[in-house]
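Under the working numbering, the first residue of the sequence shown is numbered 17, with each subsequent residue one higher. Backbone N, C-alpha and C define an ideal beta-carbon position, used for all residues, glycine too. All remarks here apply to the structure that follows.
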Amino acid sequence: MFILQNISQYMDYFEKPPPLALAAVNSHTRECGERHEEGVLGCNVTSDDDGVRRVFTVDSPDIACLERTQWWIERQREHPLLLSVSFDDAGSLEDIPTWERVSKQLSEKKIEHAFELNVENVQSLLPFVFLLSRSEEIVLGGCTFTSLEALRGLERLRKVELLNCEGAFTLDPLLSCPNLIGVSVESYHGVTSVEVLGGLRNLREITLRDCDITNVDFLKGCSKLEYADVSDCETLTSLTGLRGLGKLKTLDAIDTAIESIEPLAGCVALESVNVSGCESLISLAGLSGLKELRTVVASDSSIESIEHLAGCVALETVDVRGCLNLDSLAGLSGPKGLRTVDASDSAIVSIEHLAGCVVLESVNVNSCEHLISLTGLRGLKGLRTVDASHTSIESIEHLAGCVALETVGVRGCVNLTSLDGLSGLEKLRTVDANCSGIHSVEGLTGCVVLESVNVNSCEHLISLTGLRGLKGLRTVDASHTSIESIEHLAGCVELETVDVRGCVNLTSLAGLSGLEKLRTVDANCSGIHSVEGLTGCVVLESVNVNSCEHLISLTGLRGLKGLRTVDASHTSIESIEHLAGCVELETVDVAFLRQEERACHRSPGFVDKLQQISFLSLPPKR
Numbered sequence: 017m018f019i020l021q022n023i024s025q026y027m028d029y030f031e032k033p034p035p036l037a038l039a040a041v042n043s044h045t046r047e048c049g050e051r052h053e054e055g056v057l058g059c060n061v062t063s064d065d066d067g068v069r070r071v072f073t074v075d076s077p078d079i080a081c082l083e084r085t086q087w088w089i090e091r092q093r094e095h096p097l098l099l100s101v102s103f104d105d106a107g108s109l110e111d112i113p114t115w116e117r118v119s120k121q122l123s124e125k126k127i128e129h130a131f132e133l134n135v136e137n138v139q140s141l142l143p144f145v146f147l148l149s150r151s152e153e154i155v156l157g158g159c160t161f162t163s164l165e166a167l168r169g170l171e172r173l174r175k176v177e178l179l180n181c182e183g184a185f186t187l188d189p190l191l192s193c194p195n196l197i198g199v200s201v202e203s204y205h206g207v208t209s210v211e212v213l214g215g216l217r218n219l220r221e222i223t224l225r226d227c228d229i230t231n232v233d234f235l236k237g238c239s240k241l242e243y244a245d246v247s248d249c250e251t252l253t254s255l256t257g258l259r260g261l262g263k264l265k266t267l268d269a270i271d272t273a274i275e276s277i278e279p280l281a282g283c284v285a286l287e288s289v290n291v292s293g294c295e296s297l298i299s300l301a302g303l304s305g306l307k308e309l310r311t312v313v314a315s316d317s318s319i320e321s322i323e324h325l326a327g328c329v330a331l332e333t334v335d336v337r338g339c340l341n342l343d344s345l346a347g348l349s350g351p352k353g354l355r356t357v358d359a360s361d362s363a364i365v366s367i368e369h370l371a372g373c374v375v376l377e378s379v380n381v382n383s384c385e386h387l388i389s390l391t392g393l394r395g396l397k398g399l400r401t402v403d404a405s406h407t408s409i410e411s412i413e414h415l416a417g418c419v420a421l422e423t424v425g426v427r428g429c430v431n432l433t434s435l436d437g438l439s440g441l442e443k444l445r446t447v448d449a450n451c452s453g454i455h456s457v458e459g460l461t462g463c464v465v466l467e468s469v470n471v472n473s474c475e476h477l478i479s480l481t482g483l484r485g486l487k488g489l490r491t492v493d494a495s496h497t498s499i500e501s502i503e504h505l506a507g508c509v510e511l512e513t514v515d516v517r518g519c520v521n522l523t524s525l526a527g528l529s530g531l532e533k534l535r536t537v538d539a540n541c542s543g544i545h546s547v548e549g550l551t552g553c554v555v556l557e558s559v560n561v562n563s564c565e566h567l568i569s570l571t572g573l574r575g576l577k578g579l580r581t582v583d584a585s586h587t588s589i590e591s592i593e594h595l596a597g598c599v600e601l602e603t604v605d606v607a608f609l610r611q612e613e614r615a616c617h618r619s620p621g622f623v624d625k626l627q628q629i630s631f632l633s634l635p636p637k638r
């Protein structure tokens, strides 16, 4: 018996819209199908603050789509219907009568419905009068108007967006829309009446992006306001109008000229503040003690301290990237729910204030040049990601005990000589220590699920001891190091990619033989004398031994049936006969071989799929 109750799980298997035959079985399968990301026949069931509704999305001229779907729409009356119709340019005005007729038919059949109109590049709203009367949301993009009078008194209207619109119109008609709760005006520098929006007493959301305003005083009476976005308003200097708005939850004031956020002190419901790029802002005073505050983004601002966050007990995310005047994380020792801290490119000298953040998951202190220690992270059992690249740290021993750690980045840490502190971390998957000063990778011993190691350009590294037998390891980049052997990779049975470019002390690929999942080996400009170490790598696809001057033979590649690309240019090989049996081979590069050495390579039919072979040569030997 087919269990319909679990049908939603089956719907997730489909990347494209679920089959109509499955979605149409009954009302339950229908809703599950329409809740799928791709929907059914253009219909999706969505849930938001306005409740559950069925949304049909279509371009206005697509009458065929409408005709295919109308029967499907009319079958279901459980959820209100929202018709999201896009009209693009004046030519689309011809489609309006069709949609008026559809609306009237739905009304006659007592199907509750409303419109979301997306209108672009028109010069008048008058042709839309009937559809506007049934619209809940209106998005106007790139339009040129002399008036918004057609919007006056629309009782159903809840949200209006004006994007890059032009013309000498005012927003006054919106004041007579009794249920209007959201207004968005973006990139309209000619508007002179945004202040009238303060008269919308039911206003919950307002967006005024890239507008010519200097303050938001007109919002002081909007007691129901929950969301405000005034980003990119370059002349905005004051947030005084937001003082005491007790329901405000989100404020975005990115790239504005504000000098203070003290007016936010009484916004007791505030959950998220983004003042990124506010170069005149030097303090977070105003946020102290906001008990609902979860997210603070003050990146690329001029703040000197985050001590005002001390009493924000619900804080989860702090982003102070690029704050060049910030030298301390004092203020973060209090929030017990803090999960993410990004202080990259800041002037901090210590992270010891993170010591009490018991659920911290991610720390980014990349490019904090004055940071010399990771004190503060020791024993944080929830920590998953640490990026301390391009810092002055000398040790990562403080990461010992971070048992959930998955990713560590210490790129460019030239004072770091060891990976001690990571040994035995059983969830560690990725370590990036390229261009660091490490001498050894022995600190990775016991990292049983490690998948990727990057020690590129670690000039002092002479051995891969520590990687032996790591059965989950898939990628190793040890290029431009001083390693003399890769024998420690023996037993890394999941290994897929090995990069030892520029390892001039490396003479052999011994250690790779028989690795049955190895697909790519790049040893160009290395000191290898042989590729015999690749014997038995049955799925190997690409080998690069370009400029390996000591290499005289391709022994080791014979019969590798998955091999597609071989670059053996600038080597001393005398034959490519060992490529016989490489039936998938597509590209061979043996450029710059001497002319008398080329003749032996031209045995017809040595591979079946060879598409390209390069025989660029130097002048003949004299």
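Which class does residue i belong to by DSSP, given the choice of helix, strand or coil?
{"i": "residue 114", "result": "helix"}
{"i": "residue 558", "result": "strand"}
{"i": "residue 237", "result": "coil"}
{"i": "residue 369", "result": "helix"}
{"i": "residue 615", "result": "Confidence in residue 615 is poor, its pLDDT being 38 and thus under 50, which makes the residue's placement unreliable; the coordinate value appears in the next sentence. Note: residue 615 maps to helix in three-state DSSP."}
{"i": "residue 302", "result": "coil"}
{"i": "residue 54", "result": "Only weak support is given to the placement of residue 54: the predicted model assigns it a pLDDT of 49, under 50, and the value that follows is read from those uncertain coordinates. Note: residue 54 maps to coil in three-state DSSP."}
{"i": "residue 623", "result": "In this prediction, residue 623 has a pLDDT of 43, which is less than 50 and means its spatial position is unreliable; nothing more can be read from the coordinates."}
{"i": "residue 85", "result": "helix"}
{"i": "residue 188", "result": "helix"}
{"i": "residue 381", "result": "coil"}
{"i": "residue 494", "result": "coil"}
{"i": "residue 408", "result": "coil"}
{"i": "residue 468", "result": "strand"}
{"i": "residue 334", "result": "strand"}
{"i": "residue 4", "result": "The requested residue 4 is not part of the displayed model; the chain covers only 17 to 638."}
{"i": "residue 551", "result": "coil"}
{"i": "residue 147", "result": "helix"}
{"i": "residue 97", "result": "strand"}
{"i": "residue 257", "result": "helix"}
{"i": "residue 67", "result": "strand"}
{"i": "residue 375", "result": "coil"}
{"i": "residue 212", "result": "helix"}
{"i": "residue 129", "result": "strand"}
{"i": "residue 500", "result": "coil"}
Since residue i sits in a beta bridge, which residues does DSSP pair it with?
{"i": "residue 134", "result": "102 and 155"}
{"i": "residue 175", "result": "153 and 198"}
{"i": "residue 160", "result": "182"}
{"i": "residue 204", "result": "Partner(s): none; residue 204 has no beta bridge."}
{"i": "residue 425", "result": "403 and 448"}
{"i": "residue 312", "result": "289 and 334"}
{"i": "residue 74", "result": "101"}
Can you tell me whether residue i is buried or exposed? The criterion is at least 16 other CB atoms within 10 Å of its CB, across all chains shown.
{"i": "residue 520", "result": "exposed"}
{"i": "residue 587", "result": "buried"}
{"i": "residue 395", "result": "exposed"}
{"i": "residue 195", "result": "exposed"}
{"i": "residue 107", "result": "exposed"}
{"i": "residue 39", "result": "Summary for residue 39: the model assigns pLDDT 46, below 50, so the residue's position carries little reliability, and this model does not support an answer."}
{"i": "residue 341", "result": "exposed"}
{"i": "residue 223", "result": "buried"}
{"i": "residue 476", "result": "exposed"}
{"i": "residue 105", "result": "exposed"}
{"i": "residue 286", "result": "buried"}
{"i": "residue 84", "result": "exposed"}
{"i": "residue 142", "result": "exposed"}
{"i": "residue 250", "result": "exposed"}
{"i": "residue 113", "result": "exposed"}
{"i": "residue 611", "result": "Residue placement at residue 611 cannot be trusted, given a pLDDT of 39 that sits under 50; the coordinates are not used to answer."}
Mind checking which residues open and close the beta strand (DSSP E) that includes residue i?
{"i": "residue 293", "result": "Unbroken run through residue 293: none, as it is neither H nor E."}
{"i": "residue 224", "result": "221 to 225"}
{"i": "residue 514", "result": "513 to 515"}
{"i": "residue 417", "result": "Where residue 417 is concerned, there is no enclosing beta strand (DSSP E), given that its DSSP letter is neither H nor E."}
{"i": "residue 267", "result": "266 to 268"}
{"i": "residue 581", "result": "581 to 583"}
{"i": "residue 605", "result": "603 to 605"}
{"i": "residue 538", "result": "536 to 538"}
{"i": "residue 356", "result": "356 to 358"}
Touching by the beta-carbon criterion (3+ pairs, under 8 Å), the stretch 129 to 137 and the stretch 95 to 108: yes
Given 8 Å, three or more beta-carbon pairs between the stretch 576 to 590 and the stretch 519 to 534: no
At least 3 beta-carbon pairs within less than 8 Å: the stretch 113 to 123 vs the stretch 151 to 158: no
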